[in-house]
Structure formats: C-alpha cells, structure tokens
Amino acid sequence: MIIDERTAAFIDLLDKGNTPFLDEIEACANETRVPVIRKSTQSLLKFLLACAKPKNILEVGTAIGFSALLMSEYAPEGCHITTIEKYEKRIPVARENFRRAGREEAITLLEGDAAELLQELEGPYDMIFMDAAKGQYIHFLPDTLRLLSNGGILISDNVLQDGDVVESRFAVTRRNRTIHARMREYLYELKHHPQLETCILPVGDGVALSVRTG
Ligand code: SAH
Ligand code: MG
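Residue 359 is where the sequence shown starts when you use our numbering, and the numbers rise one by one after that.
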C-alpha cells in the first residue's frame with residue numbers, strides 16, 4: 359500500500375461499484391490469485407475513459423480479462439479493445455469471460471508474447487493500458503509510442519512496485535533489483551521524452567499517465 363490504509367479504504371468505500379458480472383470475475387481472480395487492477399485504479403480508468411472517449415484501446419496483459427471487460431463496459435459505444443496475453447492457462451479463461459459477457463466482437467485477444475506481437479501491430483490506438491511484466495515496459499516503449507495516436511493516452515500500471523521503486527536499490531531484494539532499475543529508467547523516459555507529458559500517481563500500485571503531445 360503506497361498511501362495509508364485508512365485513506366485508501368475511505369476512498370474505496372465511496373465507490374458506487376461495478377456490474378455484478380465484473381464483481382464475479384474480480385472475486386474469481388482474487389480467489390485464484392490472478393492479479394487484477396485495484397479499486398482505485400479501476401476508478402481512475404473509468405474517469406479516463408469518460409474524459410478521453412477512446413475509439414480503440416490496446417491492453418498489454420489480459421490475465422483473465424477483468425480490466426478489458428471493465429474498460430469495455432465503461433468505454434463509449436463502439437470502442438474496440440485489443441488485448442495481449444501470453445500465459446496459456448489464462449487465455450481460455452479470458453476468452454470464456456469475454457463470451458459470457460457478450461463482448462467477443464468488442465474485444466480481440468491476441469495470444470503470445472507482447473515483445474513480438476507489439477512489433478506486428480499497426481495502430482494507432484488512442485489509449486494504451488500497459489499492465490504486463492514490469493521489467494519489460496522499457497523494452498516495449500518504442501513500439502508503444504509508435505502505436506499511440508497523437509493526443510493518445512498511455513496508462514502504465516504498477517510503476518511504484520508497492521513503494522519499492524522509491525527505495526534505494528540496496529533496500530530491495532536482489533531478485534527485484536533488475537525490475538527496480540528498469541522501472542526507474544522507464545519512469546525517467548516517460549518524464550523526459552520530448553513527445554510525452556507524464557504524471558506519476560500513487561494510485562493503487564502506482565500509475566503513470568502519459569499523453570502523446572506530438
Ligand atoms: N490487466 C489485468 C491484469 C494483468 S496481470 C487486469 O487488471 O485484469 C499481468 C498479465 O500480463 C499476466 O497475466 C501475464 O501473464 C501477462 N504478461 C506478462 N508479460 C507479458 C508479455 N511479455 N506478453 C504478454 N503477456 C504478458
Ligand atoms: Mg496491474
């Protein structure tokens with residue numbers, strides 16, 4: 359938890375909640391220890407969807423489809439979502455969830471490693487939700503930027519690693535050091551890239567919002 363628990367709980371309790379179907383998938387994810395975006399991140403996504411009204415969205419990291427379905431539910435009519443997942447066990451579960459929600463037409467699931475699939479995509483997308491392996495964001499960035507429309511928004515999740523990113527590299531466990539270094543590099547790039555305006559929010563596990571300015 360990046361912000362104090364009481365504040366987080368207060369904010370989450372004010373939320374009017376999601377549809378029962380989304381609640382069911384979220385509960386299933388929590389039971390089976392599949393990562394899903396947190397309440398505060400959900401709320402931020404809904405806000406951004408209402409503001410930016412994207413027509414097509416690219417998501418990297420489907421898991422079992424919770425965030426894709428949430429975006430599909432709260433995006434404007436006709437919005438199409440392309441989402442990428444490489445973990446074989448999660449792909450059929452996500453497909454079944456999209457089918458049950460009646461969203462097979464609105465959501466295209468691409469199976470495979472984003473490192474390869476991103477290179478083949480054409481875009482442009484007016485919203486990109488980056489929610490995959492944190493250590494890879496920096497490697498995906500050239501393709502991410504190529505695929506983002508002018509004025510498009512890049513949302514990067516889990517950028518503060520539960521607070522680890524702000525600690526010295528010696529304070530994080532050895533196995534997390536590579537991710538720690540790469541995430542710091544990624545955040546620096548987002549903040550200094552000439553084509554991006556970025557703000558980093560201590561929401562959920564840390565979210566970076568970038569808009570492509572030219
Ligand atoms: N966005 C989802 C949660 C995604 S969890 C939600 O909020 O509902 C991150 C997912 O990214 C995992 O399922 C993992 O298998 C996938 N992933 C990680 N690295 C990837 C890569 N290089 N290519 C494709 N999928 C990847
Ligand atoms: Mg996440």
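Backbone N, C-alpha and C define an ideal beta-carbon position, used for all residues, glycine too.
Query raised in the report: Considering Arg570, what are the terminal residues of the beta strand (DSSP E) in which it resides?
Result: Taking the sequence shown and counting its residues from 1, one reaches residue 570 at position 212. 565–570 is the extent of the beta strand (DSSP E) around Arg570.
Query raised in the report: Are three or more beta carbon pairs between the segment 378–394 and the segment 472–486 nearer than 8 Å?
Result: Contact annotation: the segment 378–394 does not touch the segment 472–486, with fewer than three C-beta pairs closer than 8 Å.
Query raised in the report: Does the beta-carbon distance from Asp373 to Ser401 come in below 8 Å?
Result: Mapped onto the sequence shown, residue 373 falls at position 15. Mapped onto the sequence shown, residue 401 falls at position 43. Taking 8 Å as the Cβ cut-off, Asp373 and Ser401 qualify as a contacting pair.
Query raised in the report: Relative to the ligand MG, is the shortest distance from any of its heavy atoms to the C-beta of Asp515 smaller than 7 Å?
Result: Looking up residue 515 in the sequence shown gives position 157. Asp515 Cβ: within cutoff of the ligand MG.
Query raised in the report: Which value, in whole angstroms, describes the spacing of the CA atoms of Ile360 and Phe368?
Result: By one-based count along the sequence shown, residue 360 stands at place 2. By one-based count along the sequence shown, residue 368 stands at place 10. Ile360 and Phe368: Cα-Cα distance of roughly 14 Å.
Query raised in the report: Buried or exposed: which applies to Pro412, given that a residue is buried once 16 or more other Cβ atoms fall within 10 Å of its Cβ?
Result: Walking along the sequence shown from the start, residue 412 turns up at place 54. Buried: at least 16 other Cβ atoms inside 10 Å.
Query raised in the report: Quick one: complete beta strand (DSSP E) runs, 3+ long, within the segment 440–493?
Result: Complete beta strand (DSSP E) runs here, min 3: 465–469, 483–488.
Query raised in the report: Are the beta-carbon atoms belonging to Leu476 and Asp501 less than 8 Å from one another?
Result: For the purposes of this step, residue 476 is identified with residue 118 of the sequence shown, where counting begins at 1. For the purposes of this step, residue 501 is identified with residue 143 of the sequence shown, where counting begins at 1. Taking 8 Å as the Cβ cut-off, Leu476 and Asp501 qualify as a contacting pair.
Requested in this report: Rank Ile537, Met541, Asn508, Arg527 by C-alpha distance to the C-alpha of Pro552 and give the top, closest one.
Outcome: Reading the sequence shown from its first residue, position 194 is the one you call residue 552. For Pro552, the nearest C-alpha among the options comes from Asn508.
Requested in this report: May I have the straight-line CA-CA distance separating Leu506 from Leu512, to the nearest angstrom?
Outcome: The residue labelled residue 506 in the question sits at position 148 within the sequence shown. The residue labelled residue 512 in the question sits at position 154 within the sequence shown. Approximately 7 Å between the Cα atoms of the pair.
Requested in this report: Flag Asp563 as yes when its Cβ comes closer than 7 Å to any non-hydrogen atom of the ligand SAH, and as no otherwise.
Outcome: Within the sequence shown, residue 563 is the residue found at index 205, counting from 1. No, since every heavy atom of the ligand SAH falls outside the 7 Å radius drawn around the Cβ of Asp563.
Report task. Return yes when the C-beta of Arg448 is under 7 Å from any heavy atom of the ligand SAH, and no when it is not. Result -> For the purposes of this step, residue 448 is identified with residue 90 of the sequence shown, where counting begins at 1. Remark: the C-beta of Arg448 is in contact range of the ligand SAH, defined as less than 7 Å to any heavy atom.
Query raised in the report: Buried or exposed: where does Ser568 fall if 16 or more other Cβ atoms within 10 Å of its Cβ makes it buried?
Result: For the purposes of this step, residue 568 is taken as the residue at position 210 of the sequence shown. Burial of Ser568 is indicated by the presence of at least 16 other C-beta atoms within 10 angstroms of its C-beta.
Report task. Drop a sphere of 10 angstroms on the beta-carbon of Asn376, count the other beta-carbons inside from all chains shown, and report buried for 16 or more, exposed for fewer. Result -> Here residue 376 refers to the residue found at position 18 when the sequence shown is read from its first residue. Flag for Asn376 reads buried.
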